[in-house]
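Quick notes on the structure that follows.
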């Protein structure tokens, strides 16, 4: 089977001005947004606040969560719903720059504690104050201790069963759940638990705080990773292509891969964390490689078709390689799409970036890398000849 | 089968067999990162300045003693800042004697006279040594505490000059461990001179509103119930260093408490002080907060009990920190990431799902598009996955969520090599070459492109590994493994399958 019955003949280079215009629009809009608008939002990894993921026993709405948070003066936090049942939320408190650096991580932690306490609600706090334990956050050892007085021999076993069940479900919503399969706890155990514990309204799934010092370090490391990978690729490109024009074109492609992807990304509410940097570099590598394959073809054809105009050779190379470009990008796109749909909340930003990047990579390879070589040859080389 | 093919088969079987051996059983061989297993990742900074400060205080009081003993007079002795203290008003004629004494007592401190002022400065090397020692000791103490607390496979490592990374898998109550690590755990027993009083003013009324020279004010720990201020003696009767054994028990009302015994030296002092102060209160102070102040009812020698309305967990934790000893310097948390076990197992489930869907989608596409040759690519892909996990097992690499993303991405990229080769073979067939030579040319022509494609991605992955932290390292590792394995499977294994299954005189190729 083939995508194209015979080699297609699409005059890609005809569209170079349109492509350039589209690129410019995206990049300029992106740059304006990055520099003057909301722009790129640095995430928790770079020392900007705290990220807390929580799960509620019952479905709640974003506005209810916000109301609870406003009560402790944290109404300006970013609240995102995760998961389908309106039970999981991702809460991002914003940094407070008023405190000194020394206290900042502590203040992040205090903020996080405040978020958690305000979400727990008055009722849960009172129960805790009465000395009841929260069955939705108790650890194995404490639960074992507790159960010893009602089932001395089985305490550890029971505690493990309950905690494992809770781990699988995320949160225990009702006492009935404990009586039903798969736990099937006997009446005496559940009534004992009901008397000594309560089912907390929510549970903390994860909590991340990075202080300013480590944030600064991570920013430095990320910058180093980007700079060194780009240098690495440039060295490789220089080594691989003897012609300056191809090198220049590869660098141009590389720059615009980064610019377009980040421009589009800046229009989403998503934040930049370490996986995003990793994704960006992967996109660059992938797109550069596509470009290299096309350039190889061009030079191969130049040897056999000496009379042909460069523009036509380029078109032919692009067309010859079109099915390869589409298929390999297509398979990567399929896998990234699967990651985007099924991979879950934690990796979703990364998957999203890769989706943009894969499409953008094809676009830049086909429409943008060759024109640069062409311009170089048409304008810069001619000037040299005139001299 | 041709001899050369037999050799190739043998190589493939050995490589795959080795990898399977390295993976099996997966539960033990593939380590999951904290983001998948659940757990806490902490970065903490040792406040090494504390160690310098303590040394400065010690040297200051030591020289005060030495000078007094040797009849060197001075008007004032003071700490200027950590690492520097001075004596003022030493008579000129005693300067020589002072110099001799200092030379005799210390080599870690530089000193200089200017006018009537003698200034001590801690040498750079000595300060560095102290700081370094503080970090090493803190690390050891934290390790002891965590071991005592009982965490399976903790990672406690030094990072840079003054940071310590602590990774605790499978922790369900991170706050408890965080507190356990952070408390300095300086335990002191001091005689109570007055108290409790509701505030400092009331407490000091009998002393003319001033704290006597040999005493200090402590507050009771808010967690221990009764609030109040106490005036206690400055010098501790015994401290945490004098403890010989510590264990959890109960007090006479059956409440959780901590029992201890003292070493002979401590016991001697304890016996003396308790014997002389029967009827008075003895304050038990932890990190500057009074836990309880029992009345001394009889002379006690070498054992005692610490009570203070503890919960069972608090009593357990107190035993842990007392056994492990006090921290030589304070610590500060720089980074904290906690992933609960349910989010971790969710991530594993979702990652697995995404991976399976991805691999299935790619397989369907390859078979649909390349028919039997697609089957060849799929075989290569599956072997590729086996090699990735084998390599991870061999390098003891940790699988993280970004690592799973790397593997999934690798699935998409791995078939790239097959696509390059197959497209070339198709072109060769299209110009009318016979099948066998088309396959041979397809492979040789596509090789440089495959090499390029893997190399560009490996370049960025290597730097990500170099500069990345935990999860990102995981991504870089799986991506690199997947690309290197790809060179073997797509080029070597795929070629072998063609050579083995396509007859030399084949007229058609299902591609």
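Protein chains in written order, with UniProt numbering: chain A, 1 to 387; chain B, 1 to 511. C-beta atoms are modelled at their ideal positions from N, C-alpha and C, and glycine is treated no differently. Computed from a predicted structure; not experimentally measured.
Of the listed residues the options, nearest to residue i (C-alpha basis)
{"i": "residue 231 (chain B)", "options": "B:404, B:289, B:187", "result": "B:289"}
{"i": "residue 311 (chain B)", "options": "B:296, B:254, B:353", "result": "B:254"}
{"i": "residue 233 (chain B)", "options": "B:198, B:490, B:217", "result": "B:217"}
{"i": "residue 252 (chain A)", "options": "A:234, A:297, A:164, A:316", "result": "A:234"}
{"i": "residue 318 (chain A)", "options": "A:333, A:299, A:354", "result": "A:299"}
{"i": "residue 50 (chain B)", "options": "B:92, B:114, B:12, B:329", "result": "B:329"}
{"i": "residue 289 (chain A)", "options": "A:259, A:310, A:241, A:172", "result": "A:241"}
{"i": "residue 367 (chain A)", "options": "A:42, A:11, A:6", "result": "A:11"}
{"i": "residue 20 (chain B)", "options": "B:157, B:243, B:276, B:389", "result": "B:389"}
{"i": "residue 473 (chain B)", "options": "B:154, B:396, B:129, B:373", "result": "B:396"}
{"i": "residue 41 (chain B)", "options": "B:502, B:245, B:168, B:52", "result": "B:168"}
{"i": "residue 309 (chain B)", "options": "B:224, B:276, B:252, B:339", "result": "B:224"}
{"i": "residue 249 (chain B)", "options": "B:186, B:314, B:214", "result": "B:314"}
{"i": "residue 244 (chain B)", "options": "B:238, B:262, B:301", "result": "B:262"}
{"i": "residue 326 (chain A)", "options": "A:361, A:301, A:23, A:54", "result": "A:361"}
{"i": "residue 33 (chain A)", "options": "A:340, A:199, A:262", "result": "A:262"}
Burial state of residue i, where buried means 16 or more other Cβ atoms lie within 10 Å
{"i": "residue 122 (chain A)", "result": "exposed"}
{"i": "residue 125 (chain B)", "result": "exposed"}
{"i": "residue 10 (chain B)", "result": "exposed"}
{"i": "residue 94 (chain A)", "result": "exposed"}
{"i": "residue 305 (chain A)", "result": "exposed"}
{"i": "residue 227 (chain A)", "result": "exposed"}
{"i": "residue 38 (chain A)", "result": "exposed"}
{"i": "residue 244 (chain A)", "result": "exposed"}
{"i": "residue 84 (chain A)", "result": "exposed"}
{"i": "residue 508 (chain B)", "result": "exposed"}
{"i": "residue 118 (chain B)", "result": "buried"}
{"i": "residue 81 (chain B)", "result": "exposed"}
{"i": "residue 356 (chain A)", "result": "buried"}
{"i": "residue 281 (chain B)", "result": "buried"}
{"i": "residue 418 (chain B)", "result": "buried"}
{"i": "residue 373 (chain A)", "result": "buried"}
{"i": "residue 478 (chain B)", "result": "buried"}
8 Å Cβ cutoff met for residue i and residue j
{"i": "residue 327 (chain B)", "j": "residue 141 (chain B)", "result": "yes"}
{"i": "residue 334 (chain B)", "j": "residue 47 (chain B)", "result": "no"}
{"i": "residue 412 (chain B)", "j": "residue 362 (chain B)", "result": "yes"}
{"i": "residue 146 (chain A)", "j": "residue 133 (chain A)", "result": "yes"}
{"i": "residue 476 (chain B)", "j": "residue 500 (chain B)", "result": "no"}
{"i": "residue 482 (chain B)", "j": "residue 421 (chain B)", "result": "no"}
{"i": "residue 403 (chain A)", "j": "residue 57 (chain A)", "result": "For residue 403 (chain A) there is no data in the structure shown, the boundaries of chain A being 1 and 387."}
{"i": "residue 236 (chain B)", "j": "residue 307 (chain B)", "result": "no"}
{"i": "residue 367 (chain B)", "j": "residue 359 (chain B)", "result": "no"}
{"i": "residue 430 (chain A)", "j": "residue 463 (chain B)", "result": "Because residue 430 (chain A) is not part of the residues shown, which for chain A are 1 to 387, the question remains open."}
{"i": "residue 65 (chain A)", "j": "residue 78 (chain A)", "result": "no"}
Residues near residue i in its chain [Cβ-Cβ closer than 8 Å; skip 5 each side]
{"i": "residue 170 (chain B)", "result": "37, 38, 39, 151, 152, 341"}
{"i": "residue 197 (chain A)", "result": "132, 133, 134, 135, 138, 146"}
{"i": "residue 355 (chain B)", "result": "404, 407, 408, 411"}
Distance cut-off 7 Å: residue i Cβ against heavy atoms of the ligand ATP
{"i": "residue 208 (chain B)", "result": "In the structure on display, the ligand ATP does not appear, and there are no ligands present to speak of."}
Cutoff 6 Å; reference residue i; Cβ partners in own chain excluding five residues on either side
{"i": "residue 51 (chain A)", "result": "44, 92, 208"}
{"i": "residue 121 (chain B)", "result": "84, 110"}
{"i": "residue 171 (chain A)", "result": "55, 57, 136, 203"}
Cβ shell of residue i (< 7 Å), same chain only, five flanking positions each side left out
{"i": "residue 199 (chain B)", "result": "229"}
{"i": "residue 145 (chain B)", "result": "180, 181, 320, 321, 324"}
{"i": "residue 219 (chain A)", "result": "46"}
{"i": "residue 66 (chain B)", "result": "101, 105"}
{"i": "residue 383 (chain B)", "result": "16, 489, 493"}
{"i": "residue 98 (chain A)", "result": "Legend: pLDDT at residue 98 (chain A) = 49, less than 50; position of this residue unreliable, value from coordinates given subsequently. Cβ within range, chain order: n/a, list empty."}
{"i": "residue 60 (chain A)", "result": "86"}
Legend entry - Within 8 Å of chain B by C-beta, residues of the stretch 364-381 of chain A in sequence order: none
Legend entry - chain A contacts from the stretch 324-343 of chain B (Cβ-Cβ distance under 9 Å): 332, 333, 334, 335, 336, 337, 338, 339, 340, 341, 342, 343
Inset, instruction - Scan the stretch 202-216 of chain A for residues whose Cβ lies nearer than 8 Å to a Cβ of chain B and list them as they occur along the chain. - result: 203, 204, 205, 206, 207, 208, 209, 210, 211, 213, 214
Legend entry - Members of the stretch 259-292 of chain A near chain B, C-beta cut-off 7 Å: 274, 275, 278, 281, 282, 284, 285, 286, 288, 289, 292
Inset, instruction - Could you run through the stretch 245-258 of chain A and flag, in chain order, every residue whose CB is less than 8 Å away from some CB of chain B? - result: none
Inset, instruction - Check distances from the C-beta atoms of the stretch 393-415 of chain B to those of chain A and list, in chain order, the residues that come in under 7 Å. - result: 401, 402, 405, 408, 409, 411, 412, 413, 415
Legend entry - Against chain A: residues of the stretch 439-453 of chain B by CB proximity under 8 Å: 448, 449, 452, 453
Inset, instruction - Could you please tell me which residues of the stretch 333-364 of chain A, in chain order, have their CB closer than 9 Å to any CB of chain B? - result: 333, 334, 335, 336, 337, 338, 339, 340, 341, 342, 343, 344, 345, 346, 347, 350, 351, 354, 358
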